[in-house]
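These protein sequence lines map, in sequence, to chains D and G.
At position 46 of the first sequence (counting the first as 1) the number is 52 in the working numbering, and the numbers step up by one without a gap.
At position 71 of the second sequence (counting the first as 1) the number is 77 in the working numbering, and the numbers step up by one without a gap.
First up is the structure itself, then whatever we jot down about it.
2 protein chains.
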Amino acid sequence: MPPRTEPNPIASVWAREQRSPDQPALSRDAIVREAIAMLDADGIEALSMRKLGARLNAGATSLYRHVATKDELMELAVDEVAAEIHVPDADASDWRAAVTEAAASFRTTALRHRWLSSVLGQAGLAYLGPNLMSFSERLAALFTAVGFPEPSGAIDAVLSYTIGMSTTEAAWLTTVARSGESEGEFIARLMPAAQQAAAGHAHLAGSYAESAATTTDPVALRDGKFAYGLEVVLDGLSLRLTR
Amino acid sequence: MPPRTEPNPIASVWAREQRSPDQPALSRDAIVREAIAMLDADGIEALSMRKLGARLNAGATSLYRHVATKDELMELAVDEVAAEIHVPDADASDWRAAVTEAAASFRTTALRHRWLSSVLGQAGLAYLGPNLMSFSERLAALFTAVGFPEPSGAIDAVLSYTIGMSTTEAAWLTTVARSGESEGEFIARLMPAAQQAAAGHAHLAGSYAESAATTTDPVALRDGKFAYGLEVVLDGLSLRLTR
DNA sequence: TCCATCATGCGTACAGTGTTCGCATCGAAG
DNA sequence: CTTCGATGCGAACACTGTACGCATGATGGA
């Protein structure tokens, strides 16, 4: 093995700097973008400043010229990803469909970037990034336009439910992904241990046996579960609306 | 400073512990207990195997005789803490009060051990520890005794809401605690930045201004917020019950 | 009583982490 | 052409989780 792997040993000789054509020259945006790619691909504990620097053909400590600390980088990544959450415009006539779409969009992004819930669970929502701010703003606009007596209470209710379900799902999918198996295979392999652990717990054993009998696609099962709970929350909210 | 602070020095002496009088002899239970104490005191990133070993008057690597890995230790800590969640017996006549008590108990423990949400957010609920199992069992017993058509859907709804709200609160309180200020002081210091970040977002600016005008105790505010959302969920559930 | 066995503690070491510091380089401004 | 400020980076520091092998002390059989 050679003593070191030199990123570009020849290029710098004859073409003094090659940053323009292929490499985007280590900007803050490029760093955040690549960090998100690594987080999506290999999970949250696979991201280190050294590996991220290597992926950008840069030294590990060069990143600190553009980002103060790793926590700040995660903050930027969270806000970047928050732009993917779509909240319909406030004037939507069908408020249930609008809120459902917003919640589903949140869940979709949380499952696409499974590290999101981990970061939010550790650092909370006191981030104040522009995309998170406009997400909150659009939610507030939607709920006040609907005419809820306590818009912030209604927002917190549906958002808490959505965060809780998405977090649980994301953690589950992370565990599944770490096993290298498909979701169905992992469930099948986990079932004996779960059944044994449920020995002496009548209701748990019953529900385990029942879920083992049904052969539904686990993705559809999770989708249905999320939709059901969301309907429950929306029903409770609609009671507060018509009065 | 004495070498260790013993939580209940008297009861364990004459009642059941048979170890040597001075050193608790580094058992798995002692390790988990001390780990929880450190997590509660200084947060999740303050716990390292070396510090934990030092607190137990033991070398860093001695712990690995009783615990396979740090992740397993966290798993044990989560299950240990799960025993503090109280779920009323299934025969409670007032199901709303029973579910409310269970949810409140979950929230209380999640706020008492603010690292819990972080761990659950990263590892999920696929833990199968005995205390978590009996927690699930008691919830299942309660909801089926109430007579819900889909007990697991109802459980997931209220549990997701509770987890989401508790996680958000715990992360917020962690941020507050890290500042060294009281919650009110921290809010006061954060307000200018929040207001500035809300510039151009009409609804957010309005709600910020409104919350700045009210001088309510932040603890009471959070309690009310949680209760309101829980009522929403329970209302939605009761619609599914009476039919 | 003596010896073998075995569980437990721990010192050392390894590979990795986030981050600081000072030095080199290089494009642009004066 | 010279200066200067921004940028990249190698080395280093204080940590982390954990594997390995050695010491030690208790236990139980001969």
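In this text, a Cβ means the ideal position worked out from N, Cα and C, and glycines have one as well.
(request) Determine the contact status of D/Thr177 and D/Ser244, defining contact as a CB-CB distance below 8 Å. (result) This sequence places Ala at residue 177 of chain D; Thr is not what is there. Cβ distance not < 8 Å, so D/Ala177 and D/Ser244 don't count as in contact.
(request) Tell me, please, whether the CB atom of G/Val238 is closer than 8 Å to any CB atom in chain D? (result) By this cut-off, G/Val238 is an interface position.
(message) Output needed in chain order: residues of the stretch 64-81 of chain D with a Cβ under 7 Å from some Cβ in chain G.
(response) Residues of the stretch 64-81 of chain D that bring their beta carbon within less than 7 Å of a beta carbon in chain G are absent altogether.
(message) Distance check for D/Thr115 and G/Ser158, CA to CA, integer angstroms please.
(response) Going by the C-alpha atoms only, they are around 25 Å apart.
(request) Give a yes or no on whether the C-beta atoms belonging to G/Tyr167 and G/Leu236 are separated by under 8 Å. (result) Note that the C-beta distance between G/Tyr167 and G/Leu236 is below 8 Å.
(request) Give a yes or no on whether the C-beta atoms belonging to G/Phe154 and G/Ala146 are separated by under 8 Å. (result) Result no, Cβ atoms of G/Phe154 and G/Ala146 do not sit closer than 8 Å.
(message) Measuring alpha carbon to alpha carbon, tell me which residue in G/His72, G/Ala47 and G/Arg102 is nearest G/Val239.
(response) Taking only the C-alpha atoms, the option nearest G/Val239 is G/Arg102.
(message) Can you tell me whether G/Val84 is buried or exposed? The criterion is at least 16 other CB atoms within 10 Å of its CB, across all chains shown.
(response) Buried.
(request) Could you work out which residues of chain G lie near D/Thr220, taking near to mean beta carbons separated by less than 9 Å? (result) None at all; the shortest Cβ gap to chain G is about 12 Å.
(message) Could you check whether the Cβ of G/Ile50 sits closer than 7 Å to any heavy atom belonging to the ligand ZN?
(response) Only the bare structure without any ligand can be found here, which leaves the ligand ZN out of the picture.
(message) At the level of alpha carbons, what is the spacing between G/Gly65 and G/Lys57?
(response) The alpha-carbon of G/Gly65 is positioned some 9 Å away from that of G/Lys57.
(request) Report the three-state DSSP secondary structure of D/Leu93 (helix, strand or coil). (result) In the sequence under discussion, the amino acid at residue 93 of chain D is Val, which differs from the Leu named in the question. Three-state result, D/Val93: coil.
(request) Could you give the DSSP three-state label for D/Ser158: helix, strand or coil? (result) Shown here, D/Ser158 sits in a helix according to DSSP, grouped into three states.
(request) Find the nearest neighbour of G/Ile42 within the set G/Glu81, G/Ala74, G/Ser68 and G/Thr67, judged by alpha-carbon distance. (result) Comparing Cα positions, the closest option is G/Glu81.
(request) Quick one: grab the DSSP three-state call for D/Asp100. (result) If DSSP states are grouped into helix, strand and coil, D/Asp100 belongs with coil.
(message) So G/Gly127 contacts chain D; which residues on that side make the cut at Cβ distance below 9 Å?
(response) For G/Gly127, the C-beta contacts it makes with chain D under 9 Å involve Ser123, Ser124, Val125, Leu126, Gly127, Gln128, Thr173, Thr174, Ala176 and Ala177, in order along the chain.
(message) Contact criterion: CB-CB distance below 8 Å. Does G/Ile158 meet it with respect to chain D?
(response) According to the sequence displayed, residue 158 of chain G carries Ser and not Ile. Yes, G/Ser158 counts as interfacial toward chain D.
(request) Ignore the nearest five residues each way along the sequence and tell me which others in D/Val182's own chain have a CB closer than 6 Å to its CB. (result) If we look at D/Val182 and ignore the five residues flanking it on each side, its Cβ neighbours are Glu189 and Phe192.
(message) Quick check on G/Pro27 - is its C-beta less than 8 Å from some C-beta in chain D?
(response) Its pLDDT being 40, under 50, G/Pro27 is placed unreliably by the model, and nothing is read from it.
(request) For D/Glu175, collect the residues of the same chain with a Cβ closer than 7 Å to its Cβ; drop the 5 residues on either side in sequence, then sort them by chain order. (result) Taking C-beta separations shorter than 7 Å and ignoring five residues to either side along the sequence, the partners of D/Glu175 in its chain run Leu117 and Arg228, following chain order.
(message) Report the CB separation of G/Leu62 from G/His119 in whole angstroms; it is logged as a contact under 8 Å.
(response) About 20 Å separates the CB atoms of G/Leu62 and G/His119; that is not less than 8 Å, and the two are not in contact.
(message) Whether or not the stretch 212-220 of chain G and the stretch 203-218 of chain D are in contact is what I'm after, with contact meaning three or more pairs of Cβ atoms, one per stretch, closer than 8 Å; do they touch?
(response) As far as the Cβ criterion goes, the stretch 203-218 of chain D does not touch the stretch 212-220 of chain G, which means the pair count is below three.
(request) Return the residues of the stretch 196-211 of chain D that lie within a Cβ-Cβ distance of less than 8 Å from chain G, sorted by chain order. (result) Cβ contacts with chain G come from Leu196, Ala199, Ala200, Ala203, Ala204, His207, Ala208, His209 and Leu210.
(request) For G/Thr75, count neighbouring C-beta atoms within 10 Å of its own C-beta (all shown protein chains included) and say buried if the count is 16 or more, exposed if not. (result) Here G/Thr75 is exposed. Its C-beta has fewer than 16 other C-beta atoms within 10 Å.
(message) I'd like to know whether the C-beta of G/Ser188 is nearer than 8 Å to at least one C-beta of chain D.
(response) Taking Cβ atoms only, chain D never reaches closer than 8 Å to G/Ser188, which makes this a no.
(request) Report the rounded CA-to-CA distance for G/Ala54 versus D/Ser33, giving the unit in angstroms. (result) This sequence places Ser at residue 54 of chain G; Ala is not what is there. Roughly 34 Å between the two C-alpha positions.
(message) Quick check: is the beta carbon of D/Ala109 nearer than 8 Å to any beta carbon in chain G?
(response) In terms of beta-carbon proximity, D/Ala109 stays away from the interface with chain G, with every pair separated by 8 Å or more.
(message) List, in chain order, every chain G residue whose beta-carbon is nearer than 9 Å to that of D/Glu40.
(response) For D/Glu40, no chain G residue has a C-beta closer than 9 Å to its own C-beta; the minimum C-beta separation is roughly 22 Å.
(request) Can you grab the Cα-Cα spacing for the pair D/Phe141 / D/Leu148, in whole Å? (result) Spanning the two alpha carbons is a distance of roughly 11 Å.
(message) Counting only Cβ pairs nearer than 8 Å, list the residues of chain D close to G/Glu191.
(response) Neighbours of G/Glu191 in chain D, taken as residues at a C-beta separation under 8 Å, are lacking, since the least C-beta distance is about 15 Å.
(message) For a cutoff of 8 Å on Cβ pairs, would you count D/Ile169 as touching chain G?
(response) Under the 8 Å criterion on CB atoms, D/Ile169 is classed as interfacial with respect to chain G.
(message) By the 8 Å beta-carbon criterion, what residues does the stretch 91-119 of chain G contribute toward chain D?
(response) None of the residues of the stretch 91-119 of chain G has a beta carbon lying less than 8 Å from any beta carbon of chain D.
(message) On the criterion of 16 or more Cβ atoms from any shown chain inside 10 Å, does D/Ser99 qualify as buried, or is it exposed?
(response) Its Cβ having fewer than 16 others within 10 Å, D/Ser99 is exposed.
(request) If I'm right that D/Ala204 touches G/Met139 with Cβ under 8 Å, what's the distance once you round it to whole angstroms? (result) In this structure D/Ala204 touches G/Met139 by the C-beta definition: roughly 7 Å separates them, less than 8 Å.
(message) Can you pull the chain G neighbours of D/Met139, defined as C-beta to C-beta under 8 Å?
(response) Per Cβ cutoff of 8 Å: Ala203, Ala204, His207 and Leu210.
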